[in-house]
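Undergrad: Below: one structure in structure tokens.
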DNA sequence: AGGGTTGCCCGAAGCGTTTCGGCTTGGCAA
DNA sequence: TTGCCAAGCCGAAACGCTTCGGGCAACCCT
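Written out as structure tokens, the structure is:
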């Protein structure tokens with residue numbers, strides 16, 4: 003068994019109270035005492051008992067994530083990345099990361115309720131925000147801290163980490179506009195995802211700013227997979243006269259689909275068609291083989307740490323403003339853009 | 003806030019003690035009292051506080067899994083399956099499932115130590131057993147329950163769930179032997195995995211029983227990926243005279259690689275080469291397109307429930323014998339075997 | 001010198017649960 | 001009648017931690 007505060011108190015000659023305050027870095031403890039307590043803690047191999055701490059303070063140091071019931075996104079490697087990233091980020095902060103997959107047909111909110119009724123969770127990471135998110139409503143109603151990966155509105159009232167997806171959509175479109183393109187197709191993700199909508203809005207804004215119509219036939223919603231990318235490309239390019247001269251891919255898998263469809267049609271990039279992509283920089287051997295593609299880039303891997311920080315901040319009651327963080331994206335020129343023919 | 007035992011005691015007129023005993027189904031509580039307590043618990047929406055329970059009883063109801071530091075297996079979808087399956091199985095049993103990814107370069111045993119020193123975990127699910135597994139030694143030394151997915155020895159001294167991989171290797175080989183094949187290649191997984199070794203042993207046993215040599219050139223270790231399968235196939239088939247007339251694939255991805263390599267070589271299945279595979283039945287769209295293949299089959303998805311049961315049994319101190327479970331596999335004839343030419 | 005402030009420390013209560021030991025009561029055998 | 005036992009119940013202590021309220025010096029200000 004691990005040492006307890008009482009052991010350290012006996013060892014140092016201090017009281018349990020003072021040891022607790024020393025180790026938690028409270029401010030009415032002398033510097034010397036803090037050092038003594040910390041040394042004793044190390045010497046005795048002390049580790050705080052999370053259950054006891056939770057019981058006394060109401061905080062358990064455990065945070066959770068509820069996986070949506072079924073894989074709506076086929077990007078398993080994204081989940082693995084996320085789970086790894088979050089779990090490491092939280093464990094660096096001395097917290098446990100609990101994962102709970104909702105069962106098929108089970109209400110996600112119900113799962114959250116179950117977990118907080120168990121009385122052990124300090125807060126939640128939410129993914130895949132929705133417009134009027136029932137999870138958010140529920141958790142806020144119960145006063146349970148949360149942080150969102152992405153955001154359901156442009157200026158939500160909860161902590162989040164996101165990138166400016168409107169700007170992403172606009173930037174991708176403008177890159178092509180600057181090269182002279184006028185018909186720009188966008189193969190986006192599933193409609194219900196907020197970032198997808200935001201990027202679409204960005205695309206529309208950029209087009210409007212250039213006095214061009216946002217032709218619905220040039221925008222496609224779908225799973226972010228290779229085959230969806232390929233099929234949408236075939237559809238858009240088969241329009242006799244109105245075919246786009248440039249395509250925007252929502253992510254690398256879609257881009258891959260675009261490339262294979264284009265090569266099937268005998269079209270070259272960028273001489274026949276320009277292509278830009280938003281790259282999440284997910285690792286994956288199958289993407290290595292892709293031709294370099296211009297566009298925007300923002301590593302999904304960098305979002306886990308700020309997410310964890312955001313949730314911890316929320317748990318510790320820090321003000322909302324500092325917990326809403328917008329990450330940056332880079333602009334990449336890799337030569338997949340040329341003027342239209 | 004959730005109701006506490008005290009609330010139920012007040013509500014029913016019983017003592018806290020008796021309510022606790024009633025809800026935990028102890029035996030010196032009258033049947034009527036148990037019913038009353040249970041009804042009150044539901045009426046008041048009572049959920050036991052895990053932290054308090056842990057503190058008092060030493061059990062937290064939380065179990066954990068430590069993900070190996072880096073993806074040695076590229077099968078992300080396997081991890082997602084596993085995490086989902088385990089998390090659901092445990093939550094059905096009213097337990098929390100904690101996930102902890104080891105950092106790059108961090109010692110896995112150290113992670114386990116950290117987690118149990120935190121004093122919150124009741125036990126662990128271990129995956130990817132090794133021969134003399136340090137994790138097992140450590141956990142057993144500390145008296146922490148565990149359950150293994152697979153097994154590091156044929157008859158280990160810890161709870162596990164596994165299938166009989168020697169039998170799998172033997173059966174796959176015998177299927178081909180029965181059709182008259184004499185040179186049977188085996189494209190297996192990475193050497194360090196126990197199930198890989200077991201299947202190899204099965205292959206050797208079957209060959210020896212048929213008085214045939216187990217030619218090392220006909221056995222290949224490697225990642226279970228499509229490209230490894232394809233490359234190994236090319237290597238084996240390029241041997242001028244000694245090329246195998248049949249191939250065993252360690253899993254579906256390898257089989258897929260085999261198929262593409264064979265078609266590249268202009269060889270047909272089963273007329274030119276017979277192929278068998280062990281199918282884990284992982285879901286995945288890319289495998290749908292494969293030709294039906296004979297072999298063995300055992301759904302990995304069915305292992306999570308018994309694994310969870312095994313760990314819970316271990317935590318509750320049930321005897322080892324009932325906690326070592328060997329799952330079954332099916333034998334599938336899908337027409338990918340023909341007599342050698 | 002008196003009163004306030006500051007720095008450091010401690011005792012004790014309490015978080016929600018389990019569990020040990022002891023307390024009643026009624027029934028039954030001696 | 002007395003003694004015993006089983007069934008059912010309860011009080012109180014314990015788990016390890018945080019925190020509230022207070023205490024005791026030593027210092028500074030008037």
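Residue numbers (our numbering), protein chains in the order written: chain X, 3 to 343; chain W, 3 to 343.
Where a beta carbon is used, it is the ideal one built from N, C-alpha and C, also for glycine.
For the region 90-102 of chain X, which residues have a CB atom closer than 7 Å to at least one CB atom of chain W, in sequence order?
TA: 90, 93, 98, 99, 100, 101, 102
Undergrad: Taking the beta carbon of residue 19 of chain W as the centre, do at least 16 other beta carbons fall within 10 Å, making it buried, or is it exposed?
TA: Counting Cβ neighbours within 10 Å, residue 19 of chain W comes out exposed, since fewer than 16 surround it.
Undergrad: Strictly below 8 Å CB to CB, what residues from chain W border residue 11 of chain X?
TA: At a beta-carbon threshold of 8 Å, none of the residues of chain W lie near residue 11 of chain X; the nearest stands roughly 18 Å away.
Undergrad: To the nearest whole angstrom, what separates the beta carbons of residue 103 of chain X and residue 69 of chain X, a pair I think is in contact under 8 Å?
TA: 4 Å
Undergrad: Strictly under 8 Å for the Cβ-Cβ distance: is residue 322 of chain X near chain W by that measure?
TA: no
Undergrad: Can you pull out the residues from the region 17-33 of chain X whose beta carbon lies closer than 9 Å to at least one beta carbon of chain W?
TA: none
Undergrad: Given that residue 81 of chain W touches chain X, what residues does it touch there, using C-beta distances under 7 Å?
TA: 82
Undergrad: Look at residue 306 of chain W and residue 91 of chain W and say whether their C-beta atoms are less than 8 Å apart.
TA: yes
Undergrad: Residues of chain W with CB closer than 8 Å to the CB of residue 56 of chain X, please, in chain order.
TA: 53
Undergrad: Roughly how many angstroms lie between the CA atoms of residue 61 of chain W and residue 53 of chain W, to the nearest whole one?
TA: 9 Å
Undergrad: If we ignore side chains and look at the alpha-carbon of each, how far apart do residue 203 of chain W and residue 336 of chain X end up?
TA: 50 Å
Undergrad: Could you say if the region 124-142 of chain X and the region 312-323 of chain X meet the contact criterion of at least three C-beta pairs nearer than 8 Å?
TA: yes
Undergrad: Any idea what DSSP makes of residue 323 of chain W, helix, strand or coil?
TA: Here residue 323 of chain W sits in helix by DSSP.
Undergrad: Out of W:153, W:83, W:65, point me to the one whose CA is closest to residue 146 of chain W's CA.
TA: The shortest C-alpha to C-alpha distance from residue 146 of chain W to any of W:153, W:83, W:65 is the one to W:65.
Undergrad: With 8 Å set as the bound, which would you pick, yes or no: does the beta-carbon of residue 86 of chain X sit closer than that to a beta-carbon of chain W?
TA: Residue 86 of chain X counts as touching chain W.
Undergrad: Pull out every residue of the region 34-51 of chain X whose Cβ sits closer than 8 Å to any Cβ of chain W, in chain order.
TA: Of all residues in the region 34-51 of chain X, only 47, 49, 50, 51 come within less than 8 Å of chain W when Cβ atoms are compared, listed by chain position.
Undergrad: Please confirm if the region 234-251 of chain X is in contact with the region 168-178 of chain X, defined as three or more CB-CB distances below 8 Å between the two stretches.
TA: yes
Undergrad: Under 9 Å Cβ-Cβ, which residues of chain X neighbour residue 62 of chain W?
TA: 52, 53, 122
Undergrad: Run through chain W and tell me which residues come within less than 9 Å of residue 105 of chain X, C-beta to C-beta.
TA: 90, 93, 94
Undergrad: Roughly how far, in whole angstroms, is the beta-carbon of residue 161 of chain W from the beta-carbon of residue 322 of chain W, given that I think they are within contact range, below 8 Å?
TA: 7 Å
Undergrad: Compare the beta carbon distance of residue 216 of chain W and residue 206 of chain W with 8 Å and say whether it is the shorter of the two.
TA: yes
Undergrad: Assign residue 110 of chain W to buried or exposed, taking buried as 16 or more other Cβ atoms, counted over all protein chains shown, within 10 Å of its Cβ.
TA: Label assigned to residue 110 of chain W: buried.
Undergrad: Considering Cα atoms alone, identify which of X:88, X:292, X:71 is closest to residue 364 of chain X.
TA: This structure does not reach residue 364 of chain X, given that chain X is present from 3 up to 343, and the question cannot be answered.
Undergrad: Using only the alpha-carbon positions, how far apart do residue 48 of chain X and residue 14 of chain X sit?
TA: Near 13 Å, if we compare the C-alpha coordinates of residue 14 of chain X and residue 48 of chain X.
Undergrad: For residue 329 of chain X, which residues in the same chain have their Cβ closer than 8 Å to its Cβ, ignoring the five residues on either side in sequence?
TA: 163, 164, 165, 300, 304, 305, 308
Undergrad: Can you tell me whether residue 182 of chain W is buried or exposed? The criterion is at least 16 other CB atoms within 10 Å of its CB, across all chains shown.
TA: exposed
Undergrad: Taking residue 154 of chain W as the reference, which of W:194, W:341, W:142, W:334 has the closest Cα?
TA: W:194
Undergrad: Please name the residues in the region 211-222 of chain X whose beta-carbon is closer than 9 Å to at least one beta-carbon of chain W, in chain order.
TA: none
Undergrad: My output table needs one value for residue 92 of chain W: the three-state DSSP class, helix, strand or coil.
TA: helix
Undergrad: Would you report the Cα separation of residue 116 of chain X and residue 101 of chain W, rounded to the nearest angstrom?
TA: 18 Å
Undergrad: Whose Cβ in chain W lies nearer than 8 Å to the Cβ of residue 233 of chain X?
TA: In chain order: nothing, as chain W lies at least about 14 Å away.
Undergrad: With burial defined as no fewer than 16 other Cβ atoms inside 10 Å of the residue's Cβ, what is the status of residue 260 of chain W: buried or exposed?
TA: buried
Undergrad: Please report the distance separating the alpha-carbon of residue 209 of chain X from that of residue 312 of chain X.
TA: Approximately 35 Å, taken between the alpha carbons.
Undergrad: Measure the C-alpha to C-alpha separation of residue 141 of chain W and residue 42 of chain W and round it to an integer number of angstroms.
TA: Roughly 40 Å between the two C-alpha positions.
Undergrad: Is residue 4 of chain X close to chain W, meaning its C-beta is less than 8 Å from at least one C-beta of that chain?
TA: yes
Undergrad: Closest Cβ-Cβ distance between residue 69 of chain W and chain X: below 8 Å?
TA: yes
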